Amino acid sequence: MHSNDKSQRRVKKRTLKEAMHTSQRGDAGASKGTGEVVIYGMGISGNVIPPVLFCLDYKCGGMETMNILKGEQRTPEKLALNPFGQMPIMVDGDVEMAESGAILRYLAKVYAPEAYGVSVHEQAITDWALDWVSTTFVPDFYKGIWYPVAGFGPKPADQKALNKAAAEKLGIFAEKFLTKRKFIGGDVLGIADYKFGPLAWYMSHPAIENHANWKNPPRIQRYVKDFESALSAKSRKFLQEGWGFMNTKL
Ligand SMILES: N[C@@H](CCC(=O)N[C@@H](CS)C(=O)NCC(=O)O)C(=O)O
25 MHSNDKSQRR VKKRTLKEAM HTSQRGDAGA SKGTGEVVIY GMGISGNVIP
75 PVLFCLDYKC GGMETMNILK GEQRTPEKLA LNPFGQMPIM VDGDVEMAES
125 GAILRYLAKV YAPEAYGVSV HEQAITDWAL DWVSTTFVPD FYKGIWYPVA
175 GFGPKPADQK ALNKAAAEKL GIFAEKFLTK RKFIGGDVLG IADYKFGPLA
225 WYMSHPAIEN HANWKNPPRI QRYVKDFESA LSAKSRKFLQ EGWGFMNTKL
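The following block contains the structure:
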């Protein structure tokens, strides 16, 4: 072998070793965050509320109104941040992103890793709950219960059947994620709670019972009470906008 090849291989090896060392230290791509996260959206949105509550509780930011009823999500400035033209949008320094679940994962990683879960196992359970809520609970049930009452979607063809299926699935959800624990995250709120809590809380509004004939199952009622109690005073104040909005639907 040519001596030059040897030295090149040494350089390559060292680079790989360095890279491994860096990733084992856990600082590959680590981000500190500005501590001044901006969530663009509206306080009545069940997708915007989760990351805003997280920011208020962890004192790392808050919401700036972007009124989608006036099309403000489609200005060139906002489309540059989220080309899908939806809220919430998050900006944290150079990090610009959307999708409530993805934002919560980012926020936890940067500002409160324990809210995602300490071990890979705990994080996987968080992901499971978060993904079930986003991909099943919201489209199959929340959209047929909360959206029509709020005036953002059509009534389902068979409300009674939808409510029955929702209660059954929430029973399974509670058994899986809320047995022997107060929250999905355990004794304290985790990011799956920040996603699910606001939706369950919204479904506990009397307007929902009046118009969709829906009442949260007992375990979810208790969960909603615990969820509200665990929030900071600022978060509870923030929720007043959404509650007030639903009061107009009574
Ligand atoms: N999967 C998204 C859903 C976001 C979403 O549906 N946002 C709605 C309001 S709650 C929106 O921006 N709608 C306006 C539009 O689609 O034009 C998330 O979880 O963030």
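Here the sequence shown is numbered in our numbering, starting from 25 and rising by one per residue. Note that the Cβ used here is the ideal one computed from N, Cα and C, for glycine as well. Predicted model, so just to flag it, every value in this text is computed and none were measured.
Item: Just to confirm the assignment: which complete alpha helix (DSSP H) runs, minimum length 4, are found wholly within the stretch 84-161?; Value: 100-105, 124-135, 144-156
Item: Would you identify the three-state DSSP class for residue 40, choosing helix, strand or coil?; Value: Residue placement at residue 40 cannot be trusted, given a pLDDT of 37 that sits under 50; the coordinates are not used to answer.
Item: Cα separation between residue 255 and residue 219?; Value: 13 Å
Item: In terms of residues, what are the limits of the alpha helix (DSSP H) holding residue 244?; Value: 242-254
Item: Name the DSSP bridge partner or partners of residue 62?; Value: 86, 115
Item: Please list the terminal residues of the continuous alpha helix (DSSP H) segment that includes residue 185.; Value: 183-201
Item: Taking only the alpha-carbon atoms, compute the straight-line gap between residue 258 and residue 213 and give it to the nearest angstrom.; Value: 16 Å
Item: May I have the straight-line CA-CA distance separating residue 263 from residue 82, to the nearest angstrom?; Value: 16 Å
Item: To the nearest angstrom, how far is it from the Cα of residue 245 to the Cα of residue 228?; Value: 7 Å
Item: Classify residue 266 as buried or exposed, calling it buried when 16 or more other Cβ atoms lie within 10 Å of its own Cβ.; Value: buried
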